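1 is the number of the first residue of the sequence shown in UniProt numbering; add one for each residue after it.
For every residue, glycine included, the Cβ atom is placed at its ideal position computed from N, Cα and C.
Being a predicted model, the structure only gives us computed values, none of them experimental.
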Amino acid sequence: MVQHNTMSLNTTPNGLLKTKQHFEILDGLRGLAAVAVVIFHFMEFATPDYKDNFIAHAYLAVDFFFCLSGFVIAYAYDHKLADLGIIPFLKLRFIRLHPLVIIGSIIGVLAFIFDPFSKLQDVYGYAQTFILFVSSCFMVPYPLVQERYFNLFHLNPPTWSLFWEYLANIVYALVLIKLPNKVLWVLTIIAAVMLGFEAQKAGYLGVGWGGDNFFGGGIRVLFSFLAGILVYRSKWIIRSKLGFVSMGILLLVVFLIPFSKANAIIDPLLVVFYFPLLVALGAGATLQPKLSKICKFSGEISYPLYVIHYPFLWLFLSYIEVKKPDMATMQILIPIGTIALVLLAYGVLVFMDLPLRKYLKKIMFKSV
1 MVQHNTMSLN
11 TTPNGLLKTK
21 QHFEILDGLR
31 GLAAVAVVIF
41 HFMEFATPDY
51 KDNFIAHAYL
61 AVDFFFCLSG
71 FVIAYAYDHK
81 LADLGIIPFL
91 KLRFIRLHPL
101 VIIGSIIGVL
111 AFIFDPFSKL
121 QDVYGYAQTF
131 ILFVSSCFMV
141 PYPLVQERYF
151 NLFHLNPPTW
161 SLFWEYLANI
171 VYALVLIKLP
181 NKVLWVLTII
191 AAVMLGFEAQ
201 KAGYLGVGWG
211 GDNFFGGGIR
221 VLFSFLAGIL
231 VYRSKWIIRS
241 KLGFVSMGIL
251 LLVVFLIPFS
261 KANAIIDPLL
271 VVFYFPLLVA
281 LGAGATLQPK
291 LSKICKFSGE
301 ISYPLYVIHY
311 PFLWLFLSYI
321 EVKKPDMATM
331 QILIPIGTIA
341 LVLLAYGVLV
351 FMDLPLRKYL
361 KKIMFKSV
C-alpha cells in the first residue's frame, strides 16, 4: 500500500505540477482501509481460522490501494509527465515512498533482534539478520524465515505490496502513460481474466506476500493499477451527495464479508467491479466540512501505519505463542494496540518521514 496525498503529488519542486482538486474523501478511505488491515493482521494471530475472523476480507484493502494509486497517479501526472521528465518523476516517487521503507525496516530488525518472547534471531544469527535487513531496505524479496510463513520481506511483510507499487510506477512512466485507452482496456481485461484464474488457484486473492504466491501480487497490481488509470481517463468520477461516512460504510462492508469457499468467485468480482466503482464514487462524493480534519488525518497516517505496524504484530504473535492469552485478554489488547499504532504512525510521520522527505527533496533537486 502507498499513500497518495493529492496535494503532495501535484506540487513538485520545479512547479510543473500545479495544485488540482484534493480528493479528501479518498484520503479518508485510505486511512480507514489501513486501520482495517492492522485489525485484520491482529485477528489473523488471535484467531488463525479465517472463518472466525470478523474482518476476514481486509486483505483486499491492498487491491483498493492499488486501484486508488492508479487513479491518483494518472490524475496527477498524465498531462504533465512529459514536461516533468521520467527521472524527476521517479525521484519524487522515491522521496514519497522510500523513507518509510527504511524506517519500517529499522523497526523490523529491532523487533526481530529484541523480541522478548522469541529466539528466532538466535536461530538465524546476525549474518542472516543483516541480509534480511539489507533486502528489506532495498526491497529485494528474500523469503527466508520458515517459522513465519516464508514472507518475502520477513522484517516488514507489507513491503511486498510496495515492491509491486514501485514497479507499477516505473512501468507507468515508461510505458502506460504512452498507451491509448483502447490498449489499456485490452490489458485490463486480460489482467481481470488472470485475476480470476489466480483466485481459482489460490481459493482467494490474499496472495503476493510469500515465496509460493509471489506472482499473485503482480497480477493484483496489474489489474487494479490499470483499473485506477482507466477510472480517471474515462472520466468516471461519479458526482453524488454521498459523504465520507456513507463511503466508509461501502468500503467496510467488503472487509466484513465472511471468509468462505466462495472467495474464489467473490474476491475477483469485488476487485474487478466494486473497487473501481468505489474510487469513482469517492472522487465525486461530497465532504462535510466538519469531517475534513478527520479525512486529512486519516490520509496522513495511512501510509506510515501500513508500513510500520507489522513488526509489532510479530511481537504480538510471539507473545501469543509463549503466553497463550485467552480471547478476553486479546479483545482488550487488540483495540489498545491498534490505537497505539495509529498514534505511533502519526509520530513517525511528523518527526521522521516528513523531515526526511523535505531533506531528500532539497538534495535531489538542487538545481531547481
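Inset, instruction - Could you give the DSSP three-state label for Asn156: helix, strand or coil? - result: coil
Legend entry - Range of the contiguous alpha helix (DSSP H) that encloses Arg96: Ile86 to Phe114
Inset, instruction - Determine the direct distance from the alpha carbon of Tyr77 to that of Phe71, and round the result to whole angstroms. - result: 10 angstroms
Inset, instruction - Please report how far the alpha carbon of Met327 lies from the alpha carbon of Leu281, in whole angstroms. - result: 38 angstroms
Legend entry - Counted within 10 angstroms of its Cβ, other Cβ atoms place Arg96 as buried (16 or more) or exposed: buried
Legend entry - Run of the alpha helix (DSSP H) containing Arg220, from where it starts to where it stops: Phe214 to Arg233
Inset, instruction - Within its chain, find whatever has a CB closer than 8 angstroms to the CB of Ile55; leave out the 5 residues flanking it on each side and keep chain order. - result: Ala36, Ile39, Phe40, Met43, Phe255 and Leu256
Legend entry - Supposed contact pair Glu24 and Ser240 - C-beta distance, whole angstroms, cut 8 angstroms: Wrong, their Cβ atoms sit about 15 angstroms apart, outside the cutoff.
Inset, instruction - For the stretch 59-75 and the stretch 202-216, state whether three or more C-beta atom pairs, one from each stretch, are separated by less than 8 angstroms. - result: yes
Inset, instruction - Would you give the residue range spanned by the alpha helix (DSSP H) that Ile334 belongs to? - result: Met327 to Val348
Legend entry - Range of the contiguous alpha helix (DSSP H) that encloses Ile265: Asn263 to Leu269
Inset, instruction - Out of Phe223, Lys366 and Gly125, point me to the one whose CA is closest to Val186's CA. - result: Phe223
Inset, instruction - Could you work out which residue in Lys119, Ser105, Pro268 and Ala168 is closest to Ala192 when comparing CA atoms only? - result: Pro268
Legend entry - Anticipated Cβ contact below 8 angstroms, Val348 with Pro304, distance rounded: 5 angstroms
Inset, instruction - Leaving aside the five residues before and after Leu90 along the sequence, list all residues of the same chain whose C-beta is less than 8 angstroms from its C-beta, in chain order. - result: Asn169, Ile170 and Ala173
Legend entry - Delimiting residues of the alpha helix (DSSP H) encompassing Thr129: Leu120 to Cys137
Legend entry - For Asn213 and Val221, the rounded distance between their alpha carbons: 14 angstroms
Legend entry - alpha helix (DSSP H) segments (min. 4 residues) lying fully within the stretch 246-317: 263-269, 275-284 and 292-308
Legend entry - Three-state secondary structure (DSSP) of Asn53: coil
Inset, instruction - Find out if the Cβ-Cβ distance for the pair residue 389, Pro258 is shorter than 8 angstroms. - result: Only positions 1 to 368 of the chain appear in this structure, which leaves residue 389 out of reach.
Legend entry - Residues sharing a beta bridge with residue 383, DSSP: Residue coverage of the chain in this structure runs from 1 to 368, which leaves residue 383 outside it and unanswerable.
Inset, instruction - Identify whether Arg30 lies in helix, strand or coil by the three-state DSSP scheme. - result: helix
Inset, instruction - For the alpha helix (DSSP H) holding Pro355, just list the boundary residues, first then last. - result: Leu354 to Met364
Inset, instruction - Pick out whichever of Pro158, Ala82, Ile73 and Leu68 has its Cα sitting closest to the Cα of Ile107. - result: Pro158
Legend entry - Ile237, DSSP secondary structure in three states: coil
Legend entry - Continuous alpha helix (DSSP H) stretch holding Leu184: start and end: Asn181 to Ala202
Inset, instruction - With distances taken Cα to Cα, identify the nearest neighbour of Lys178 among Leu152, Asn156 and Lys80. - result: Lys80
Legend entry - Contacting residues, own chain, Cβ-Cβ under 8 angstroms from Gln288 (five flanking each side not counted): Gly243 and Phe244
Inset, instruction - Please report how far the alpha carbon of Gly31 lies from the alpha carbon of Ile249, in whole angstroms. - result: 13 angstroms
Legend entry - Within 8 angstroms, strictly: CB atoms of Ile308 and Leu344: yes
Inset, instruction - Put His41 into one of helix, strand or coil per three-state DSSP. - result: helix
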